[in-house]
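Novice: Mind having a look at this structure? Questions to follow.
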Amino acid sequence: MAHLITRPNIRRTLASLSLSALAFGAQGQSIPVMTDEQFAECKQTLEARAVGAGVSEATARNVLANVNYIERVIELDRRQPEFTTTFADYFNRRVNESRITKGRELLETHRDLLNRVTRETGVPAPYLLAFWGLETNYGSYFGKMPVPSSLATLACDQRRSTFFTEQFVAALKIIDEGAIPAEQMEGSWAGAMGHVQFMPTVFLQHAVDADGDGRRDLWNSLPDAMMSAGKFLQSMGWDGEYRWGREVLLPANFDFSLSDGRRLPLAEWRGMGITDAFGNALANEPIEAALVVPSGHRGPAFLVYSNFRVIMGWNRSEFYAVSVGHLADRIAGAGGLQNPPPEDQPTLSRDQIIQLQESLNTKGFASGNPDGILGSNTRKAIREFQKSQGLIADGMPSEALLETLNVISGS
179 MAHLITRPNI RRTLASLSLS ALAFGAQGQS IPVMTDEQFA ECKQTLEARA
229 VGAGVSEATA RNVLANVNYI ERVIELDRRQ PEFTTTFADY FNRRVNESRI
279 TKGRELLETH RDLLNRVTRE TGVPAPYLLA FWGLETNYGS YFGKMPVPSS
329 LATLACDQRR STFFTEQFVA ALKIIDEGAI PAEQMEGSWA GAMGHVQFMP
379 TVFLQHAVDA DGDGRRDLWN SLPDAMMSAG KFLQSMGWDG EYRWGREVLL
429 PANFDFSLSD GRRLPLAEWR GMGITDAFGN ALANEPIEAA LVVPSGHRGP
479 AFLVYSNFRV IMGWNRSEFY AVSVGHLADR IAGAGGLQNP PPEDQPTLSR
529 DQIIQLQESL NTKGFASGNP DGILGSNTRK AIREFQKSQG LIADGMPSEA
579 LLETLNVISG S
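Sequential numbering from 179 applies to the sequence shown in our numbering.
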């Protein structure tokens with residue numbers, strides 16, 4: 179249970195301290211806090227930045243007069259999950275029967291609108307629904323944080339001040355143009371907004387007025403939200419001729435080290451004996467694909483095309499991109515995975531991942547600076563170590579691998 183320092187306590191005990199003053203949030207990590215005086219000074223700087231960027235003085239002044247420092251936002255920004263999430267847990271929570279059924283219902287309800295978006299952007303309706311479903315469960319929850327206050331809090335924090343200052347100024351521009359009143363601008367703790375959870379800079383660049391009411395309203399106008407999502411995906415290079423990817427079957431004794439992100443012509447993958455999920459030959463198409471095995475050699479395998487990279491332009495998570503693609507397939511009428519992800523994979527703590535990274539580095543398999551995140555560098559190091567040991571080089575930290583590298587369980 180997190181416990182936060184109250185404002186009176188901050189004034190009494192921290193008035194003379196710098197921005198590095200600390201409280202302690204969940205799991206004992208340090209949480210910086212600010213005095214009222216420090217935040218007031220930062221707000222003056224933000225006001226000057228906003229006006230200098232073209233925001234009207236009246237909007238900047240009025241919005242900042244009602245902006246408050248939210249310690250909870252800093253706590254959430256610092257909170258890192260104690261344990262990693264397996265692909266099975268992530269995927270099954272997001273691509274479930276309820277969400278699939280609802281998506282199919284909405285496909286019929288909003289068919290005319292979705293078809294219009296597809297005509298103008300090339301993005302098929304099931305994908306638009308899949309993004310909508312994953313971002314806000316089809317508009318059922320946008321987030322309840324006051325966006326101006328959340329972004330000002332993060333902009334005044336040193337960790338990612340440059341990024342969130344840009345987002346704060348963009349939010350004021352959105353208010354200034356009349357898209358939404360400041361007091362109604364609610365979203366996630368990090369400032370993502372509306373049906374499709376656009377950050378303010380994405381809103382400014384890609385949101386559109388699709389219903390013709392003179393406002394770009396991603397909270398109350400589904401036409402605006404869906405068309406804006408389509409325009410954003412189109413801007414990142416969505417290819418309407420092809421799908422996101424597909425589940426495939428791999429031959430026995432397949433070299434899983436090929437799942438390292440390399441893109442090869444589909445003909446080469448076909449020549450290795452890879453088939454579709456039902457054992458049929460892959461299509462003879464002149465496109466490139468990469469192999470993705472999000473839960474290792476025991477789980478499903480996917481060949482993914484250029485649209486997969488577009489999805490990751492929305493959210494840089496391989497798990498997210500696979501979930502969007504498969505949810506879109508299910509909404510369109512496809513069945514489930516032929517090879518569901520195993521649910522018995524180890525769930526690692528951040529400390530265990532740090533131990534794993536340190537052990538790999540010590541043995542000469544560079545995983546980068548130990549940070550407790552199972553990212554691409556760590557997966558690459560695991561693959562290289564697995565190959566050196568004659569193991570299946572799928573880049574996944576199995577129980578056997580952890581034991582070999584002396585990673586202590588339960589830490």
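Glycine residues also receive a C-beta, built at the ideal position from the N, C-alpha and C atoms. Here the structure is a predicted model, which is why all the values come from computation and not from measurement.
Does DSSP put Ala201 in a helix, a strand or coil?
Specialist: Residue placement at Ala201 is poorly supported in this model, since its pLDDT is 48, which falls under 50; the coordinates are not used for a value here.
Novice: Leu427 by DSSP, collapsed to three states: which one?
Specialist: strand
Novice: In the DSSP assignment, what residue or residues form a beta bridge with Thr453?
Specialist: Leu427 and Ala459
Novice: Under three-state DSSP, which class holds Val146?
Specialist: The requested residue 146 is not part of the displayed model; the chain covers only 179 to 589.
Novice: Tell me, to the nearest whole angstrom, how far the beta carbon of Val347 is from that of Ala218; I am working on the premise that it is less than 8 Å.
Specialist: 18 Å between Cβ atoms; not a contact.
Novice: From the DSSP output, in three-state form, read off Pro401 for me.
Specialist: helix
Novice: Any chance you could list the alpha helix (DSSP H) runs of at least 4 consecutive residues sitting entirely within the stretch 514-541, in chain order?
Specialist: 528-540
Novice: Looking at C-beta atoms only, is the number of pairs between the stretch 300-313 and the stretch 411-418 that lie closer than 8 Å three or more?
Specialist: In the pairwise beta carbon analysis, the stretch 300-313 is classified as touching the stretch 411-418: at least three pairs are separated by under 8 Å.
Novice: Considering Cα atoms alone, identify which of Ser339, Ser545 and Arg289 is closest to Arg557.
Specialist: Ser545
Novice: Tell me which same chain residues have a C-beta within less than 7 Å of the C-beta of Ser339, skipping the five on either side of it?
Specialist: Ala333
Novice: Is Met490 helix, strand or coil by DSSP?
Specialist: Met490 falls in the helix class under three-state DSSP.
Novice: Which partner residues of Val482 appear in the DSSP bridge assignment?
Specialist: Gly423 and Ala468
Novice: Specify the secondary structure class of Glu364 as computed by DSSP and reduced to three states.
Specialist: Three-state DSSP puts Glu364 in a strand.
Novice: Anyone know if the C-beta pair for Ala308 and Leu505 falls short of 7 Å?
Specialist: Yes; because the gap between Cβ atoms is below 7 Å, this pair is in contact.
Novice: Less than 7 Å between the C-beta atoms of Glu562 and Phe480, yes or no?
Specialist: no
Novice: Quick check: Thr264 and Gln523, are their CB atoms within less than 7 Å of each other?
Specialist: yes
Novice: Going by the CB atoms, is the gap between Glu521 and Ala266 shorter than 7 Å?
Specialist: yes
Novice: Taking the alpha-carbon of Leu436 as reference, which of Val471, Ala455 and Gly457 has the nearest alpha-carbon?
Specialist: Taking only the C-alpha atoms, the option nearest Leu436 is Val471.
Novice: Under 8 Å Cβ to Cβ from Val380, same chain only, skipping five residues before and after it: list those, please.
Specialist: Phe410
Novice: Thinking C-beta only, is Met404 closer than 7 Å to Leu306?
Specialist: yes
Novice: Whole angstroms are fine: how far does the CA of Thr331 sit from the CA of Gln216?
Specialist: 11 Å
Novice: Determine the direct distance from the alpha carbon of Asn539 to that of Thr582, and round the result to whole angstroms.
Specialist: 14 Å
Novice: Just to confirm the assignment, what range does the alpha helix (DSSP H) spanning Arg393 have?
Specialist: Element bounds for Arg393: n/a, residue is neither H nor E.
Novice: How many angstroms separate the CA atom of Pro443 from the CA atom of Glu466?
Specialist: Between the C-alpha atoms of Pro443 and Glu466 there is a straight-line separation of about 4 Å.
Novice: Quick one: using the 10 Å Cβ neighbour count with 16 as the cut-off for buried, is Leu200 buried or exposed?
Specialist: The predicted model places Leu200 with a pLDDT of 45, which falls under 50 and marks its position as unreliable; any figure quoted below should be read in that light. The residue is exposed, with fewer than 16 neighbouring Cβ atoms inside 10 Å.
Novice: What residues are listed by DSSP as bridge partners for Met323?
Specialist: Gly365
Novice: I need the straight-line Cα distance from Phe320 to Ile532, nearest angstrom please.
Specialist: Each residue's CA atom was taken as its position, placing Phe320 and Ile532 some 34 Å apart.
Novice: Can you tell me the Cβ-Cβ gap for Leu350 and Ala226, rounded? I've got them flagged as a contact below 8 Å.
Specialist: Contact flag wrong, Cβ pair sits at about 12 Å.
Novice: Does the pairing of the stretch 511-518 with the stretch 477-495 give three or more beta-carbon distances under 8 Å?
Specialist: yes
Novice: By Cβ distance below 7 Å, which residues in the same chain neighbour Gly206 in space, the five residues on each side in sequence not counted?
Specialist: Low local confidence applies: a pLDDT of 47 at Gly206 is under 50, so the model's placement there is unreliable, with the coordinate-based value given in what follows. Cβ neighbours of Gly206 beyond the five flanking positions: none.
Novice: For Gly605, I'd like the list of residues in its chain whose CB is within less than 6 Å of its CB, leaving aside the five on either flank, ordered along the chain.
Specialist: Residue 605 cannot be examined here, being either before or after the span of the chain that is shown, 179 to 589.
Novice: For Leu285, which of helix, strand or coil comes out of DSSP?
Specialist: helix
Novice: Between which two residues does the beta strand (DSSP E) containing Arg441 stretch?
Specialist: Arg441 to Pro443
Novice: Is the distance from the Cβ of Ser501 to the Cβ of Arg271 below 7 Å?
Specialist: no
Novice: Just to check my reading of the structure: Ala468 and Arg441 have Cβ atoms closer than 8 Å, yes? What is that Cβ distance to the nearest angstrom?
Specialist: Contact holds; Cβ gap of about 5 Å.
Novice: Count the other CB atoms within 10 Å of the CB of Gln222; is the residue buried (16 or more) or exposed (fewer)?
Specialist: exposed
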